[in-house]
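Numbered per the UniProt record's numbering, the sequence shown spans residues 1 to 738.
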Amino acid sequence: MYLTFISLFFSMRRLGSQFWLATAVLFSGSLAFMFGLVVTTKLDVPINFRLISEGLPFFTVTVGFEKPIMFTRAVLNGRSLRRSAAQPINTQDAITAAIKDQGWEIIQHYGIEIGLLAMGASSGVQGGLQQFCFLAAWICLFDCVLLFTFYTAVLCVKLEITRIKHYADFRKAMEEEGVSRSVAENVTFSTTKTNPSIFGQKAKSSSVRKFKILMVGGLVLINILNLWAIPFRNSGHFALPSRFSNIKSASVDPLNSLDTVYMLARTQNQETVVAIIPPITYRVEDISIPSLDLDEPIDFQHINQFLGTLRRNTVLESLLKCLEDPTISKWIIAALMFSIILNGHLFNAARWTTKEPKPAPAKRVEPAPAPKVYPPFEPDQISNRTLEDCELVLKEKRGPTLTDEELVHLSLLGKLPGHALEKTMDNESLMSKVDAFTRAVKIRRAVVSRSPNTSAITSSLETSKLPYKGYNYTLVQGACCENVIGYMPLPVGVAGPLNIDGRDYYIPMATTEGTLVASTSRGAKAINAGGGVVTVLTGDGMTRGPCVSFPSLARAGVAKAWIDSEEGRSILTAAFNSTSRFARLQTLRTALAGTYLYIRFKTTTGDAMGMNMISKGCEKALQALADSGFSDMVVISLSGNYCTDKKPAAINWIDGRGKSVVAEAIIPGDVVQNVLRTDVDAMVELNISKNLIGSAMAGSIGGFNAHAANILTAIYLATGQDPAQNVESSNCITTMKK
């Protein structure tokens with residue numbers, strides 16, 4: 001039996017749960033045993049401790065815990081396999097799908113077991129078999145009910161905790177990449193959000209909150225009314241009519257009681273109702289209660305109050321006796337402990353996403369000061385200012401007071417570096433930063449135009465149509481560009497919408513190439529007519545290939561063999577994974593060129609490109625390599641072009657770099673004729689002769705396509721990404737068939 005418990009924990013661990021799900025299965029089984037034992041004893045079936053101690057281990061080993069494991073596996077598989085790019089599956093949908101897939105099979109297993117046990121219970125075999133089969137059948141029935149109620153609820157909580165952990169890890173990974181916390185939370189929420197539902201029907205978040213409040217409030221109200229009504233239950237059985245509450249009767253002779261009552265009523269000329277109750281027998285006499293004096297008149301009101309108090313005390317004593325029972329009290333304590341631990345674990349998991357960084361204490365929000373208004377600035381118009389005077393003004397940090405011509409002259413003479421113009425012009429006592437930086441750009445354009453070495457080529461820059469006014473250069477200074485001479489207005493258009501995996505997207509494209517957006521939109525129209533695009537993610541791993549050197553070829557060969565071994569791979573993987581909660585090393589590829597050793601690390605980075613993340617991991621792994629007996633290793637470069645980054649390379653075409661995607665589109669023949677103005681046979685022949693054979697004749701590496709780079713580069717420019725990544729990102733092959 002104990003081996004069965006151990007096997008349960010190992011099975012749940014393989015499914016991703018270290019402790020909680022296996023414990024929930026055992027707790028559910030214990031509850032089923034308690035319910036079955038209560039029903040069996042209530043039905044007067046004799047069960048003793050010896051019968052339970054002998055039969056329960058055999059029953060546990062025979063039945064086992066395969067059904068909870070099967071149900072858990074179905075839920076987890078449904079959650080992973082049914083996840084799509086359009087909308088991730090939530091916990092409720094995963095559990096519903098698992099019940100539809102495996103629920104009937106699990107119920108069939110329970111039905112077969114209960115049927116066999118029922119046959120054993122009705123067999124009439126003596127010696128305890130009949131009684132234990134009866135108990136085991138009830139245990140199976142309650143275990144089936146608890147599996148789809150109690151255990152399903154625990155499994156739902158476990159999946160939500162896992163989702164919260166994944167949310168926190170993904171957000172922290174993006175923050176490690178330099179993404180701001182707000183952006184990381186928005187991106188993570190958009191990729192993990194699910195539609196709330198009530199009883200399987202989609203609902204708004206506000207409706208879900210109202211539903212929860214109503215349910216909790218109703219439950220609390222029902223319990224309050226239930227507790228409040230306990231003293232008044234069945235009290236009416238002991239109440240006497242109010243018109244008789246003050247009647248006092250004299251003592252009567254027990255043998256002639258009816259005659260005495262009759263004579264008293266006749267004397268008083270009063271209608272009398274006689275109530276005859278069965279005699280009360282007291283088995284135990286409490287000496288603290290004084291003896292009843294038969295000579296005193298009976299106070300019916302006092303009796304009515306006494307019976308009501310006795311009734312209330314009986315209810316309270318029954319509750320207290322139930323709590324004093326050792327078995328019931330232990331199970332109540334166990335249930336409370338399990339509830340406290342589970343709720344504490346859930347609260348901790350929810351707090352993981354918000355505990356860092358700690359929110360700053362609320363401060364009084366001061367009204368934003370009105371923007372400072374600067375008067376139009378005019379430099380000092382001092383004629384005949386010598387070069388020495390200009391240099392003196394510049395050293396006194398009064399550069400903005402010089403005229404534009406004086407600043408240009410100083411820059412051409414090398415007295416004022418071109419990259420320091422923004423710093424020289426920055427003086428908020430005279431002008432705003434935007435005006436100062438704009439003036440610096442104007443002066444730089446004049447310096448570049450008048451530079452003696454390049455004036456033959458750049459003389460037209462000062463008067464060119466390249467715009468420079470009306471731009472907030474404070475967002476550029478020290479952030480994304482240096483030696484600014486203007487800005488390039490690049491139009492941004494949208495193509496589409498294009499249906500991708502059941503969801504429509506507009507494609508932003510920044511380009512000056514005419515008809516590129518229009519032709520892309522026409523292609524999207526043709527693809528949508530055939531049902532849209534279906535994509536499959538075949539690979540996901542960013543790479544970094546450092547270069548290291550050794551004193552001799554022999555040492556480099558030993559290092560390569562050690563990295564390729566199981567021991568070396570495990571040590572480097574552990575070191576790499578220790579640098580991030582999200583990045584996990586997938587593969588290690590090595591190449592030897594003389595005494596130079598190239599190591600290609602490939603790791604998952606989520607939706608972020610992850611170069612900072614993977615660089616930290618590579619540094620840690622190289623340090624672990626040096627500490628493992630290769631202290632003579634010299635790191636030449638953290639990126640040795642074995643990645644390969646922003647360069648055409650066969651290794652990227654074969655092994656992939658980043659996300660590798662295969663997309664499919666089925667376009668009907670009439671759409672090809674009406675929208676694309678051609679026919680299917682011509683397109684198939686064009687693809688073979690141009691994209692396949694023509695690219696092969698040119699010796700192309702990953703360029704067996706029409707013009708994927710055009711669209712991809714336009715998307716990169718429109719979304720602010722690095723256009724140089726287009727080199728490996730546009731590697732693709734186009735295939736067509738009729």
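The C-beta atom is built at its ideal place from N, Cα and C for all residues, glycine as well.
Quick check on the burial criterion: 16 or more other C-beta atoms within 10 angstroms. Buried or exposed for residue i?
i, result
"residue 488", "exposed"
"residue 442", "buried"
"residue 654", "exposed"
"residue 212", "exposed"
"residue 298", "With a pLDDT of only 46 at residue 298, under 50, the local geometry of the prediction cannot be trusted, and the value read off the model is given with reservation. With fewer than 16 Cβ atoms within 10 Å of its Cβ, residue 298 is classed as exposed."
"residue 13", "exposed"
"residue 602", "buried"
"residue 123", "exposed"
"residue 143", "buried"
"residue 506", "exposed"
"residue 19", "exposed"
"residue 656", "buried"
"residue 426", "buried"
"residue 340", "exposed"
"residue 408", "buried"
"residue 705", "buried"
DSSP state of residue i, grouped into three classes?
i, result
"residue 608", "coil"
"residue 47", "coil"
"residue 12", "helix"
"residue 598", "strand"
"residue 667", "coil"
"residue 510", "strand"
"residue 588", "strand"
"residue 57", "helix"
"residue 643", "coil"
"residue 520", "helix"
"residue 499", "strand"
"residue 487", "coil"
"residue 504", "strand"
"residue 431", "coil"
"residue 401", "helix"
"residue 121", "helix"
"residue 603", "strand"
"residue 295", "A caution first: residue 295 carries a pLDDT of 47, below 50, which makes its placement in the model unreliable, though a value can still be read off. Residue 295 falls in the coil class under three-state DSSP."
"residue 580", "coil"
"residue 678", "coil"
Roughly how many angstroms lie between the CA atoms of residue i and residue j, to the nearest whole one?
i, j, result
"residue 484", "residue 468", "9 Å"
"residue 459", "residue 401", "26 Å"
"residue 27", "residue 102", "22 Å"
"residue 497", "residue 700", "32 Å"
"residue 504", "residue 520", "15 Å"
"residue 481", "residue 708", "28 Å"
"residue 15", "residue 154", "15 Å"
"residue 394", "residue 424", "8 Å"
"residue 472", "residue 438", "8 Å"
"residue 713", "residue 632", "43 Å"
"residue 46", "residue 131", "7 Å"
"residue 146", "residue 645", "55 Å"
"residue 52", "residue 60", "11 Å"
"residue 786", "residue 43", "Within the shown structure, residues of the chain are numbered from 1 to 738, placing residue 786 beyond reach of any answer."
"residue 219", "residue 228", "14 Å"
"residue 623", "residue 476", "37 Å"
In the DSSP assignment, what are the bridge partners of residue i?
i, result
"residue 536", "662"
"residue 637", "547"
"residue 471", "Residue 471 is not bridged to any residue."
"residue 733", "704"
"residue 492", "510"
"residue 593", "596"
"residue 542", "603"
Would residue i pass as a contact of residue j if the rule is Cβ separation under 7 Å?
i, j, result
"residue 24", "residue 8", "no"
"residue 728", "residue 652", "yes"
"residue 604", "residue 584", "yes"
"residue 560", "residue 597", "yes"
"residue 782", "residue 32", "Nothing about residue 782 can be read from this structure; the chain reaches only from 1 to 738."
"residue 680", "residue 669", "yes"
"residue 446", "residue 422", "no"
"residue 551", "residue 640", "no"
"residue 526", "residue 671", "yes"
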